[in-house]
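>
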Amino acid sequence: MAIYPTALSNAAALRVFSGDQIASLLSEVGVTHVITVPDSTIGRWEPAIEQTGRTRLVRVCREGEAWQVAAGLYLGGATPLVMIQCTGLFESGDAIRNALHDWKVPVFSIIGYRSYLDQAKLPGDTCLVFTEPILDAWKIDYRLITSPSELHVIRDHFLSCRAAGKPGAALIGE
Amino acid sequence: MATTSATASRIQLRSALETLWRIRRDDEVIITTMGSAREWMTLGEPNALDFILVPSAMGHGTSIGLGLALAQPGKRVIVCSGDGSLLMNLGSLASIVAANVPNLVVIVFDNGVYEVTGQQPTASADFCGIARACGFDSVYGFSDATSWADSARTALDAKGPTFVSLNVEPVVGGTAPHSPGPTAARAKRLMEALRR
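For the record, the sequence lines run as chains A and B. If you're matching positions, the first sequence starts at 718 in my numbering and goes up one per residue. If you're matching positions, the second sequence starts at 240 in my numbering and goes up one per residue.
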């Protein structure tokens, strides 16, 4: 578990992936619906995802909803993915427990990891303290993504989790 | 927007559910939670498209219903929620409207209390007013069993998303429902039934 990584000062370098890259990836692996509450990184991917016409965005009001909407979609035969910031992960606890563990719905998620790469904006941001331990606590197998060369890691982890029928996450450094 | 005004009387929870049981079509998905789940399981042989959401994350029946309605646009999905549950996830009503799901019906059984924890009062709310403000296409409120029985099918068939508020009596001594079986197996059975 990495806590308090070295701060990067160049905020412009912190957008790990473009919307087109993420949209193409989601289409490639067959994601039908992205249930999301945006942050300033993942929210910028929305137009590209919508433009594919193959992945529908479902915008919810609070992140706990997202996991349960995803559960309903999965039970109905779709391939959903939850896309939220780590702060929303903190809010999501009981919804995750119920959907992923009571009902054993293998939802995959992309989670923005606030302040992991840029600690200048929010010095001392406790997202760095809690995000990874909480993913561990909820038994969500995740991969930490910190550079544009790691797009394939998301794809490989998604496919691996789908084959295993288990929840997983890509934790995207922001 | 269709609207029916409520009166001061109340419907017995079981009677309200018996009406739903009677008019429900075989290809409609019905999600029940808390008190509605407890009573629904006593009404008769379950339909393969019944989803007893026990255990739940309280208040998230509407969200699961939204997901099911999106995945199964050819099936009507009916979510039975309590007022305490719905208050925990009011934002889901706005999410439902934003998602534009004409095949989703939310029924709130409003008894004014957290029934299964000993009838502590819930925060009172004008649920029909909230649903209208969120933009539900059809909104109905019923406070007597006859009106509900006479209009229930019309309400379920209205252009959705649809919101129905039923003013019901709390069940004295009403307890939390027991799970009717292993969750993963029940989820799998629902998935299989939806594929048919």
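Note that CB positions come from ideal geometry on N, CA and C, so glycine has one too.
(1) Could you pull out every residue in the same chain whose Cβ sits closer than 6 Å to the Cβ of residue 765/A, ignoring the five residues on either side in sequence?
(2) Can you give me the Cβ contacts of residue 860/A inside the same chain, cut-off strictly under 6 Å, excluding the 5 residues immediately before and after it?
(3) Taking the runs of the beta strand (DSSP E) that are 3 residues or longer, which of them lie wholly in the stretch 760-836 of chain A?
(4) What's the C-alpha gap between residue 891/A and residue 324/B?
(5) Just to make sure I have the definition right: I need the residues of chain A whose C-beta is within less than 8 Å of the C-beta of residue 294/B. Which are they?
(6) Along the beta strand (DSSP E) that carries residue 348/B, what are the first and last residues, could you check?
(7) In angstroms with no decimal places, state the Cα-to-Cα distance between residue 818/A and residue 768/A.
(8) Could you list the residues in the stretch 866-880 of chain A with a C-beta less than 7 Å from some C-beta on chain B, going in chain order?
(9) Listing by chain order, which chain A residues have their CB less than 7 Å from the CB of residue 311/B?
(10) Counting pairs of Cβ atoms below 8 Å between the stretch 833-850 of chain A and the stretch 792-808 of chain A, do you hit three or more?
(11) Given residue 414/B, which residues of its chain have a CB within under 8 Å of its CB, disregarding the five upstream and five downstream residues?
(12) Over the uninterrupted alpha helix (DSSP H) stretch that includes residue 869/A, give me the two end residues.
(13) When you compare only the Cα positions, how much space is there between residue 351/B and residue 358/B?
(14) Find the residues of chain A that neighbour residue 430/B, judging by a C-beta separation of less than 9 Å, and give them in chain order.
(15) Do residue 205/B and residue 271/B have their C-beta atoms within less than 8 Å of each other?
(16) Considering only the alpha carbon of each residue, which of 786/A, 755/A, 747/A and 789/A lies closest to residue 771/A?
(17) According to DSSP, which residues form a beta bridge with residue 359/B?
(18) Looking at chain B, is there any beta carbon in it that lies within less than 8 Å of the beta carbon of residue 746/A?
(19) May I have the straight-line CA-CA distance separating residue 779/A from residue 330/B, to the nearest angstrom?
(20) Grab the span of the beta strand (DSSP E) containing residue 404/B for me, first residue to last.
(21) Under the rule that 16 or more other beta-carbon atoms within 10 Å means buried, what is residue 794/A, buried or exposed?
(22) Please determine, among 784/A, 842/A and 754/A, the residue with the shortest C-alpha to C-alpha distance to residue 884/A.
(23) Let me confirm a value: residue 248/B is counted as buried when at least 16 other C-beta atoms fall within 10 Å, else exposed. Which label applies?
(24) Would you list the one or two residues that DSSP bridges to residue 388/B?
(25) Which partner residues of residue 290/B appear in the DSSP bridge assignment?
(26) What does the Cβ neighbour count give for residue 416/B, buried or exposed, with the cut at 16 atoms within 10 Å?
(27) Give me whichever residues DSSP pairs with residue 414/B in a beta bridge.
(28) At a CB-CB cut-off below 8 Å, which residues of chain B make contact with residue 786/A?
(29) List, in order along the chain, the chain B residues whose C-beta lies closer than 9 Å to that of residue 782/A?
(30) Can at least three beta-carbon pairs, one atom from the stretch 826-838 of chain A and one from the stretch 305-314 of chain B, be found at a separation below 8 Å?
(31) On a Cα-Cα basis, can you pick out the residue from 328/B, 428/B and 411/B that is closest to residue 419/B?
(32) Cα-Cα, which of 361/B, 251/B and 422/B is closest to residue 899/A?
(33) 8 Å is my cut-off, CB to CB: does residue 740/A come that close to chain B?
(34) In angstroms with no decimal places, state the Cα-to-Cα distance between residue 838/A and residue 366/B.
(35) With a 10 Å radius around its C-beta and 16 neighbouring C-beta atoms as the bar for buried, classify residue 424/B as buried or exposed.
(36) Taking only beta-carbon atoms, is residue 803/A less than 8 Å away from chain B?
To lay it out plainly:
(1) Mapped onto the first sequence, residue 765/A falls at position 48. 736, 737 and 740.
(2) Locating residue 860/A in the first sequence gives position 143, counting from the first residue. The residues are 870, 874 and 887.
(3) 773-776, 797-802 and 825-830
(4) Along the first sequence, read from residue 1 onward, the residue named residue 891/A stands at position 174. Along the second sequence, read from residue 1 onward, the residue named residue 324/B stands at position 85. Roughly 35 Å between the two C-alpha positions.
(5) Against the second sequence, residue 294/B aligns to sequence position 55. Within chain A, the residues near residue 294/B are 815 and 819.
(6) The sequence position of residue 348/B within the second sequence is 109, counting from 1. Taken as a continuous stretch (DSSP letters only), the beta strand (DSSP E) holding residue 348/B covers 343-349.
(7) What you label residue 818/A is simply residue 101 of the first sequence in a count that begins at 1. What you label residue 768/A is simply residue 51 of the first sequence in a count that begins at 1. Residue 818/A and residue 768/A: Cα-Cα distance of roughly 33 Å.
(8) none
(9) Locating residue 311/B in the second sequence gives position 72, where the first residue counts as 1. Within chain A, the residues near residue 311/B are 793.
(10) yes
(11) To locate residue 414/B, count along the second sequence from 1; it is residue 175. Around residue 414/B: 277 and 355.
(12) Translated into the one-based positions of the first sequence, residue 869/A becomes position 152. First-last of the alpha helix (DSSP H) with residue 869/A: 868-881.
(13) Residue mapping note: residue 351/B aligns to position 112 of the second sequence, counting from 1. Residue mapping note: residue 358/B aligns to position 119 of the second sequence, counting from 1. Cα to Cα, the separation comes out at about 8 Å.
(14) As a position in the second sequence, residue 430/B is number 191, starting the count at 1. Within 9 Å Cβ-Cβ: 791, 792, 793 and 794.
(15) Residue 205/B cannot be examined here, being either before or after the span of chain B that is shown, 240 to 435.
(16) The sequence position of residue 771/A within the first sequence is 54, counting from 1. It is 747/A.
(17) By one-based count along the second sequence, residue 359/B stands at place 120. DSSP, once it has assigned bridges, lists 353/B as partnering residue 359/B.
(18) Locating residue 746/A in the first sequence gives position 29, counting from the first residue. Closer than 8 Å: no.
(19) Translated into the one-based positions of the first sequence, residue 779/A becomes position 62. Translated into the one-based positions of the second sequence, residue 330/B becomes position 91. Answer to the nearest angstrom: the Cα atoms are 7 Å apart.
(20) Locating residue 404/B in the second sequence gives position 165, where the first residue counts as 1. Note, residue 404/B: beta strand (DSSP E), 401-408.
(21) If you number the first sequence from 1, residue 794/A lands on position 77. The residue is exposed, with fewer than 16 neighbouring Cβ atoms inside 10 Å.
(22) Here residue 884/A corresponds to residue number 167 of the first sequence, with the count starting at 1. It is 784/A.
(23) Taking the second sequence and counting its residues from 1, the one referred to as residue 248/B is at position 9. Classification for residue 248/B: exposed.
(24) As a position in the second sequence, residue 388/B is number 149, starting the count at 1. Bridge partners of residue 388/B: none, in fact.
(25) In the second sequence, counting from the first residue as 1, residue 290/B sits at position 51. Per DSSP, 270/B.
(26) Here residue 416/B is taken as the residue at index 177 of the second sequence, counted from 1. Burial call: buried.
(27) Sequence index remark: in the second sequence, residue 414/B carries index 175 (1-based). Residue 414/B is not bridged to any residue.
(28) Taking the first sequence and counting its residues from 1, one reaches residue 786/A at position 69. Those within 8 Å of residue 786/A in chain B are 302, 303, 305, 306, 309 and 334.
(29) Position 65 of the first sequence, counted from the start, is the residue given in the question as residue 782/A. Going along chain B in sequence order, the residues near residue 782/A (Cβ under 9 Å) are 299, 301, 302, 305, 328, 330, 331 and 334.
(30) no
(31) Within the second sequence, residue 419/B is the residue found at index 180, counting from 1. The residue with the shortest Cα to Cα distance from residue 419/B is 428/B.
(32) Residue 899/A lies beyond the stretch modelled for chain A, which goes from 718 to 891, so this question has no answer here.
(33) Locating residue 740/A in the first sequence gives position 23, where the first residue counts as 1. No - not a single Cβ of chain B is within 8 Å of the one on residue 740/A.
(34) In the first sequence, residue 838/A corresponds to position 121, counting from 1. In the second sequence, residue 366/B corresponds to position 127, counting from 1. Whole-angstrom Cα-Cα distance: 41 Å.
(35) Here residue 424/B is taken as the residue at index 185 of the second sequence, counted from 1. Flag for residue 424/B reads exposed.
(36) Here residue 803/A is taken as the residue at index 86 of the first sequence, counted from 1. Residue 803/A does not count as touching chain B.
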